[in-house]
Amino acid sequence: MPKVHLLDYVAGNIRSLVNAVEKLGYEVDWIRSPEDVSRAEKLILPGVGHFGHCLSQLSQAGYLPAIQKHIDEGKPFMGVCVGLQALFEGSVEDPDVPGLGVVKGSLGRFDDSIKSVPHIGWNSASTAGQSMYDLRRDSKYYYVHTYRFPYVKGQLEGQGWTVATGTYGTETFVGAVAKGNIYATQFHPEKSGVAGLRTLRAFLNGQGAETLGSPSLPVDPVSSEAKDGLTRRVIACLDVRTNDQGDLVVTKGDQYDVREKNDARDVRNLGKPVEMAKKYYHDGADEVTFLNITSFRDCPIADLPMLEVLRQTSQTVFVPLTIGGGIRDTVDTDGTKVSALEIATMYFKSGADKVSIGSDAVIAAEEYYSLGRKLFGNTAIEQISRAYGNQAVVVSVDPKRVYVPKLDATRHNIIETKFPGPRGEPYCWYACTIKGGRETRDMDVVELAQAVEAMGAGELLLNCIDKDGSNTGFDLELITQVKNAVKIPVIASSGAGNPGHFEEVFSKTTTDAALGAGMFHRAEYTVKQVKDYLKDKGLVVRQFEQ
Ligand code: 1PR
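Quick note: the sequence shown uses this note's numbering, first residue 2, plus one each step.
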């Protein structure tokens with residue numbers, strides 16, 4: 002098998018990149034010291050997390066001169082995400098840390114005044130008709146980043162670079178650059194489905210450099226109406242637990258009750274997690290989320306069943322994978338203390354791209370307010386986001402409605418609702434719960450959202466216990482309240498019953514993504530049907546590429 006060298010500077014989840022490279026028929030050889038770099042023919046610099054962390058690690062370990070030499074010798078080099086950013090001179094993310102300076106210019110932050118930041122999702126990498134490592138104008142690629150190099154026509158081209166761009170809101174940014182032996186992408190090819198594997202293959206096979214800058218392939222007429230810009234993200238969610246027979250199954254509750262309504266009260270068994278994830282990937286799901294809804298308490302941490310689910314899924318599913326459930330400081334069966342960060346690290350090493358924190362986030366938020374909104378860097382959210390970047394930390398919220406008769410009936414953030422309570426109450430607030438909805442806390446969803454945003458969460462998975470499994474559509478009032486309270490992206494969840502509900506949530510709220518579970522598991526609709534419906538309604542979506 003031909004080899005490609007990956008630089009392991011211990012900066013985050015690179016399992017997915019290894020899986021993608023192996024899928025394309027290459028063997029990964031690790032670079033573990035600067036001396037190893039001279040052995041590399043093709044070198045990939047993956048990048049996750051902070052610009053400063055990445056560059057400081059590389060600098061302290063003595064890698065920078067070795068990378069520079071590799072590039073200067075004309076050997077193939079690819080940077081991914083922060084690996085692209087490292088090629089620039091610097092970034093406002095860490096102004097004191099210099100980049101490699103291979104590309105002139107410095108990165109800035111996305112403007113979050115009218116859009117969510119980080120920029121998470123599927124966007125274009127348009128090359129204005131020039132060929133660049135088999136990037137296609139009609140394809141979409143998975144981005145997740147807060148800092149970007151703004152595109153100014155002619156600026157980088159004047160330095161000899163071929164440039165691909167994406168557009169987020171009103172900002173057009175650099176999605177990829179290439180020149181001679183160098184190729185770098187802001188998006189993650191290893192998470193960009195078939196389109197991502199195609200461009201990675203072009204780099205590995207050495208097919209991109211010779212044709213760089215020449216006129217690209219004609220646009221596929223079937224999909225040529227596809228526009229630039231971020232697509233509407235559709236996520237499939239699998240609630241997973243062991244049933245009473247000890248099998249790991251995908252289940253689905255109504256208002257979080259996952260047992261059949263008959264006398265036996267068996268756990269609903271809707272299928273096997275890895276197989277179902279694969280099916281949703283092929284149906285065009287933009288992401289797959291696994292929620293371990295029971296804690297698997299009696300199991301040694303190293304044998305957590307979700308680790309194996311992730312390992313197997315990430316070998317064939319090339320879209321982002323999120324894992325939630327049980328991410329908190331814990332004590333192993335042998336009495337060893339294991340931190341939330343260590344558990345998250347195990348999940349990242351097994352192929353997860355994001356971890357989702359539920360109960361522990363509520364407890365941390367309570368502490369945050371009780372300590373006068375001060376942060377001490379010790380919560381799971383802070384520790385994991387510091388190590389892996391904010392984009393790797395999702396907070397899963399399990400709120401439920403509490404109706405009140407008057408605006409001043411509670412200190413909590415209240416909304417006036419179009420759906421009055423059982424006694425005609427015209428107002429409600431959303432109380433946060435923990436332990437899968439079993440315990441309600443004196444904290445509202447706005448308080449939680451703002452606290453976890455301050456701690457460094459990169460995204461909110463906004464469930465709603467009242468709507469869960471109801472097939473009656475998303476809780477638009479809840480989503481609007483939370484969207485107005487934070488800048489980070491929000492994933493609307495709970496209640497999806499048909500494709501129209503997805504269109505409704507995207508057109509009536511500013512949600513950044515929408516998630517469905519039961520309607521997909523019960524085969525009432527496929528992800529593809531949802532995407533086709535959204536497309537018919539004029540919304541931009543990513544279609545699955547064969
Ligand atoms: O508290 O950090 O250990 O995390 C536990 C995680 O497990 C949380 O993310 C919590 O939401 C989830 N969870 C716990 N118990 C249940 C349950 O159902 N009994 N599932 C549960 C939550 C909600 C959604 C669901 C949507 C869409 N499931 O993920 O998929 O509501 O469903 P629908 O489209 O069918 O309406 P921790």
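For each residue, glycine too, the CB sits at the ideal point set by N, CA and C.
Inter-stretch contact (C-beta, 8 angstroms, three-pair minimum) for the stretch 33-47 and the stretch 77-87: yes
State the CB to CB distance for the pair residue 230 and residue 397, rounded to an integer number of angstroms; the pair is presumed to be in contact (CB under 8 angstroms). As a working mapping, residue 230 is identified with position 229 in the sequence shown. As a working mapping, residue 397 is identified with position 396 in the sequence shown. About 27 angstroms separates the two Cβ atoms, so there is no contact after all.
Sort 107, 31, 240 by Cα distance to residue 521 and report the nearest one. The residue given as residue 521 occupies position 520 in the sequence shown. Closest by alpha carbon: 240.
Would you call the CB atoms of residue 233 and residue 542 closer than 7 angstroms? Within the sequence shown, the letter at position 232 stands for residue 233. Within the sequence shown, the letter at position 541 stands for residue 542. In this structure, residue 542 lies closer than 7 angstroms to residue 233 by Cβ.
Within the present structure, is the beta-carbon of residue 240 separated from the nearest heavy atom of the ligand 1PR by less than 6 angstroms? Looking up residue 240 in the sequence shown gives position 239. Residue 240 Cβ: within cutoff of the ligand 1PR.
Between the Cα of residue 540 and those of 369, 508, 356, 382, spot the shortest distance and give me the residue it belongs to. Taking the first residue of the sequence shown as 1, we reach residue 540 at position 539. Of the listed residues, the one whose Cα sits closest to residue 540 is 508.
Jot down the residue ranges of each uninterrupted beta strand (DSSP E) in the stretch 161-228, minimum 3 residues, whole runs only, in chain order. 163-169, 172-180, 183-186
Kindly indicate the opening and closing residues of the alpha helix (DSSP H) around residue 342. The sequence position of residue 342 within the sequence shown is 341, counting from 1. Residue 342 -> alpha helix (DSSP H) spans 341-350.
Just to confirm the assignment: which complete beta strand (DSSP E) runs, minimum length 3, are found wholly within the stretch 459-528? 460-463, 491-493, 514-517
May I have the straight-line CA-CA distance separating residue 27 from residue 132, to the nearest angstrom? For this step, residue 27 is matched to residue 26 along the sequence shown. For this step, residue 132 is matched to residue 131 along the sequence shown. Between residue 27 and residue 132, the C-alpha separation is close to 24 angstroms.
Leaving out five residues before and five after residue 9 in sequence, what residues of the same chain have Cβ atoms less than 8 angstroms from its Cβ? As a first step, residue 9 is located in the sequence shown; it is residue number 8 there, counting from the start. Here the set comprises 15, 31, 32, 33.
Closer than 7 angstroms by C-beta to residue 150: which residues in its own chain qualify, once you throw out the five before and the five after it? Chain order, please. Translated into the one-based positions of the sequence shown, residue 150 becomes position 149. Answer for residue 150: 89, 106, 108, 174, 175, listed in chain order.
Flag residue 389 as yes when its Cβ comes closer than 6 angstroms to any non-hydrogen atom of the ligand 1PR, and as no otherwise. Reading the sequence shown from its first residue, position 388 is the one you call residue 389. No, the beta carbon of residue 389 sits no closer than 6 angstroms to any heavy atom of the ligand 1PR.
Whose CA, out of 381, 488, 534, lies closest to the CA of residue 114? Position 113 of the sequence shown, counted from the start, is the residue given in the question as residue 114. For the residues 381, 488, 534, the minimum Cα distance to residue 114 belongs to 488.
For residue 208, is the classification buried or exposed, using 16 other Cβ atoms within 10 angstroms of its Cβ as the cut-off for buried? On the sequence shown, residue 208 is found 207 positions in, with the first residue counted as 1. Residue burial annotation: residue 208 is exposed, with fewer than 16 other C-beta atoms found within 10 angstroms of its C-beta.
Using 7 angstroms as the threshold, is the C-beta distance between residue 348 and residue 339 below it? Here the question's residue 348 lines up with position 347 in the sequence shown. Here the question's residue 339 lines up with position 338 in the sequence shown. Cβ distance not < 7 angstroms, so residue 348 and residue 339 don't count as in contact.
Can you tell me whether residue 253 is buried or exposed, with buried defined as 16 or more other CB within 10 angstroms of its CB? As a working mapping, residue 253 is identified with position 252 in the sequence shown. Per the 10 Å Cβ criterion, buried.
Distance check for residue 537 and residue 222, CA to CA, integer angstroms please. As a position in the sequence shown, residue 222 is number 221, starting the count at 1. As a position in the sequence shown, residue 537 is number 536, starting the count at 1. Only weak support is given to the placement of residue 222: the predicted model assigns it a pLDDT of 43, under 50, and the value that follows is read from those uncertain coordinates. Residue 222 and residue 537: Cα-Cα distance of roughly 17 angstroms.
Span of the alpha helix (DSSP H) holding residue 357? Numbered from 1 along the sequence shown, position 356 holds the residue referred to as residue 357. Counting along the chain, residue 357 falls outside any alpha helix (DSSP H), though it belongs to the beta strand (DSSP E) covering 355-358.
Beta-carbon gap between residue 459 and residue 392 smaller than 7 angstroms: Here residue 459 corresponds to residue number 458 of the sequence shown, with the count starting at 1. Here residue 392 corresponds to residue number 391 of the sequence shown, with the count starting at 1. A contact, by the Cβ cut-off of 7 angstroms.
Among 387, 350, 262, which residue has its Cα nearest to the Cα of residue 455? As a first step, residue 455 is located in the sequence shown; it is residue number 454 there, counting from the start. The shortest C-alpha separation from residue 455 is found at 387.
Residue 414 by DSSP, collapsed to three states: which one? In the sequence shown, residue 414 corresponds to position 413, counting from 1. It is coil, neither helix nor strand.
With a cut-off of 8 angstroms on the beta carbons, I'd call residue 466 and residue 401 a contact; round off their distance for me. For the purposes of this step, residue 466 is taken as the residue at position 465 of the sequence shown. For the purposes of this step, residue 401 is taken as the residue at position 400 of the sequence shown. Contact holds; Cβ gap of about 4 angstroms.
Could you check the C-alpha separation between residue 516 and residue 493 for me, to the nearest Å? Stepping through the sequence shown from its first residue, residue 516 is reached at position 515. Stepping through the sequence shown from its first residue, residue 493 is reached at position 492. For residue 516 and residue 493, the distance between alpha carbons rounds to 6 angstroms.
As a quick exercise: from 528, 42, 40, 39, pick the residue whose alpha carbon is nearest that of residue 287. Looking up residue 287 in the sequence shown gives position 286. For the residues 528, 42, 40, 39, the minimum Cα distance to residue 287 belongs to 528.
Out of 168, 250, 311, 128, which one is the CA nearest neighbour of residue 162? As a working mapping, residue 162 is identified with position 161 in the sequence shown. If we check each option's Cα against that of residue 162, 128 comes out closest.
According to DSSP, simplified to helix, strand and coil, what is residue 276? Translated into the one-based positions of the sequence shown, residue 276 becomes position 275. Helix.
Hey, would you say the C-beta of residue 259 is under 6 angstroms away from at least one heavy atom of the ligand 1PR? Residue mapping note: residue 259 aligns to position 258 of the sequence shown, counting from 1. True, at least one ligand heavy atom lies under 6 angstroms from that Cβ.
Terminal residues of the alpha helix (DSSP H) in which residue 71 lies: Numbered from its first residue, the sequence shown carries residue 71 at position 70. It spans 64-73 - the alpha helix (DSSP H) in which residue 71 sits, taken as one unbroken run.
Given a threshold of 16 other Cβ atoms within 10 Å of its Cβ, counted over all protein chains shown, does residue 475 qualify as buried or as exposed? Numbered from 1 along the sequence shown, position 474 holds the residue referred to as residue 475. Under this definition residue 475 is a buried residue.
Below 8 angstroms on the Cβ atoms is my contact criterion, and I expect residue 177 with residue 136 to pass it. Report the Cβ-Cβ distance as a whole number of Å. Taking the first residue of the sequence shown as position 1, residue 177 is located at position 176. Taking the first residue of the sequence shown as position 1, residue 136 is located at position 135. Contact flag correct, Cβ pair sits at about 7 angstroms.
Cβ pair residue 413, residue 361 closer than 7 angstroms: Within the sequence shown, numbered from 1, the residue matching residue 413 stands at position 412. Within the sequence shown, numbered from 1, the residue matching residue 361 stands at position 360. In this structure, residue 361 does not lie closer than 7 angstroms to residue 413 by Cβ.
Hey, how far is the Cα of residue 285 from the Cα of residue 121? Counting from one through the sequence shown, the residue named residue 285 turns up at place 284. Counting from one through the sequence shown, the residue named residue 121 turns up at place 120. One C-alpha to the other measures close to 17 angstroms.
Helix, strand or coil, according to DSSP, for residue 28 in the structure here? The residue labelled residue 28 in the question sits at position 27 within the sequence shown. Note: residue 28 maps to strand in three-state DSSP.
When you compare the CB positions of residue 441 and residue 484, do they come within less than 7 angstroms of one another, or not? Translated into the one-based positions of the sequence shown, residue 441 becomes position 440. Translated into the one-based positions of the sequence shown, residue 484 becomes position 483. No; because the gap between Cβ atoms is not below 7 angstroms, this pair is not in contact.
Which full runs of the beta strand (DSSP E) of 3+ residues lie inside the stretch 129-154, going along the chain? Given a length threshold of 3 residues, each whole run of the beta strand (DSSP E) inside the stretch 129-154 is given here in chain order: 142-146.
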